[in-house]
Amino acid sequence: MPSVSVPADLLARITDIAGRALDTEDAQAWPLVCRQYPSVADAQADIARLRQQALAA
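Under my numbering, the first residue of the sequence shown carries the number 1, and numbering increases by one thereafter.
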């Protein structure tokens with residue numbers, strides 16, 4: 001899988017927005033999530049992993 005460099009502050013902002021949308025069960029979040037993930041929990045797991053990478057940067 002290709003990788004890209006993303007500034008840590010941008011990664012933190014994006015994961016914050018995505019995480020908040022999923023954590024608050026935003027009615028519009030699921031149709032977007034289900035295009036890429038089998039469940040909200042799977043999307044949240046990726047968000048958590050990216051947050052850890054942003055914190056480690």
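Glycine included, C-beta positions come from ideal geometry on N, C-alpha and C.
Bear in mind the structure is a predicted one, so any value in this text is a computation, not a measurement.
- By the Cβ rule, the stretch 34–42 does not count as touching the stretch 4–13, because fewer than three pairs are nearer than 8 Å.
- In this structure L22 is buried. Its beta-carbon is surrounded by 16 or more other beta-carbon atoms within 10 angstroms.
- I47 places its beta carbon 7 Å or farther from that of T24.
- Runs of the beta strand (DSSP E) spanning 3 or more residues and lying entirely within the stretch 10–43 do not occur at all.
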